[in-house]
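Student: In mature numbering (1 follows the signal peptide of the UniProt record, and there is no 0), the protein residues as written are -29 to -1, 1 to 140.
Think of the CB as a built atom: it goes at the ideal place given N, C-alpha and C, for glycine as much as any other residue.
None of the values given here were measured: they were computed from a predicted structure.
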């Protein structure tokens, strides 16, 4: 007859650690499935984010700036119709680069705001101004990113780093 103790495989000292890491990984994987409200019952999504007009995302086959820019002629005209208003609050100047070209619409991610709000950006080099959604981003030294559609309306080079003036509505 065999010894019953020898039928059990020896337990590796790493087994508890591997088990803990595996469970932690499964727990974190579920975080990606949480709604933006944090999953709290009765919590509402940010009303400013809901109010933004829906601009279609560029097609998966997009390769040129024209293909990535899905704004309509009406959208562009409305964004350019904005001029300086006495109530506009200057927020400052920021060095700006092109943001994610697959994120449609007129927006700027900037450390000059701490909440989503409407605003306007002006390029002193071209004198052109565009209405945008201002989104909070990074720290004071992080610079700003602007949408492809807004960059094109400002007449700024897509690969440049223009210094833009930012105003809040």
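If the criterion is Cβ atoms closer than 7 angstroms, does the pair residue 132 and residue 94 meet it?
Tutor: Within the chain shown, residue 132 is the residue found at index 161, counting from 1. Within the chain shown, residue 94 is the residue found at index 123, counting from 1. Not in contact: residue 132 and residue 94 (Cβ atoms no closer than 7 angstroms).
Student: Out of 35, 79 and 29, point me to the one whose CA is closest to residue 125's CA.
Tutor: As a first step, residue 125 is located in the chain shown; it is residue number 154 there, counting from the start. Here the closest residue by C-alpha is 79.
Student: To the nearest angstrom, how far is it from the Cα of residue 188 to the Cα of residue 111?
Tutor: Residue 188 cannot be examined here, being either before or after the span of the chain that is shown, -29 to 140.
Student: Is residue 50 closer than 7 angstroms to residue 84 when the C-beta atoms are compared?
Tutor: For the purposes of this step, residue 84 is taken as the residue at position 113 of the chain shown. For the purposes of this step, residue 50 is taken as the residue at position 79 of the chain shown. Not a contact, by the Cβ cut-off of 7 angstroms.
Student: Return the CA-CA distance between residue 117 and residue 77, expressed in angstroms with no decimal places.
Tutor: On the chain shown, residue 117 is found 146 positions in, with the first residue counted as 1. On the chain shown, residue 77 is found 106 positions in, with the first residue counted as 1. The alpha-carbon atoms of residue 117 and residue 77 are separated by roughly 8 angstroms.
Student: Check residue 120 in the structure and name its three-state DSSP category.
Tutor: Locating residue 120 in the chain shown gives position 149, where the first residue counts as 1. Residue 120 falls in the helix class under three-state DSSP.
Student: Which value, in whole angstroms, describes the spacing of the CA atoms of residue 43 and residue 33?
Tutor: Taking the chain shown and counting its residues from 1, the one referred to as residue 43 is at position 72. Taking the chain shown and counting its residues from 1, the one referred to as residue 33 is at position 62. Rounded to whole angstroms, residue 43 to residue 33 spans 16 angstroms at the Cα level.
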